[in-house]
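Chemist: Take a look at the following structure, please.
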Amino acid sequence: MTVREAARLQGFPDWFTFHPTKWHFRMIGNSVSPLLSEAILGRIRKRLELNNIDSSRKVM
Numbered sequence: 001m002t003v004r005e006a007a008r009l010q011g012f013p014d015w016f017t018f019h020p021t022k023w024h025f026r027m028i029g030n031s032v033s034p035l036l037s038e039a040i041l042g043r044i045r046k047r048l049e050l051n052n053i054d055s056s057r058k059v060m
């Protein structure tokens with residue numbers, strides 16, 4: 001399996017580049033899938049909107 005194939009399985013787009021190290025597979029394996037992150041953030045945003053909280057406002 002190549003680094004690109006592993007990244008695709010995790011949901012990384014083909015344009016995403018990894019800095020050349022010997023730890024490519026470990027970085028990919030330890031990462032949170034971009035697709036999962038997008039799904040979680042979508043649910044959080046929906047909850048904020050349901051509670052009439054301005055999600056564009058900066059926290060800090």
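Position 46 (the sequence shown) corresponds to 46 in the UniProt record's numbering; numbering is contiguous.
All C-beta atoms in this analysis are idealised placements derived from N, C-alpha and C, irrespective of residue type, glycine included.
Just so it is clear, the structure is predicted and the values come from calculations on it, not from any experiment.
Would you kindly work out how many angstroms separate the C-alpha atoms of G11 and P34, rounded to a whole number?
Modeler: Each residue's alpha carbon lies about 6 Å from the other.
Chemist: Using DSSP with H/G/I as helix, E/B as strand and the rest coil, what is F25?
Modeler: Here F25 sits in helix by DSSP.
Chemist: Buried or exposed: which applies to A7, given that a residue is buried once 16 or more other Cβ atoms fall within 10 Å of its Cβ?
Modeler: Under this definition A7 is a buried residue.
Chemist: One question on the structure: do H24 and F16 come within less than 8 Å of each other, judged by their Cβ atoms?
Modeler: No, these two residues do not count as a Cβ contact at 8 Å.
Chemist: In three-state DSSP terms, what is V3?
Modeler: Helix.
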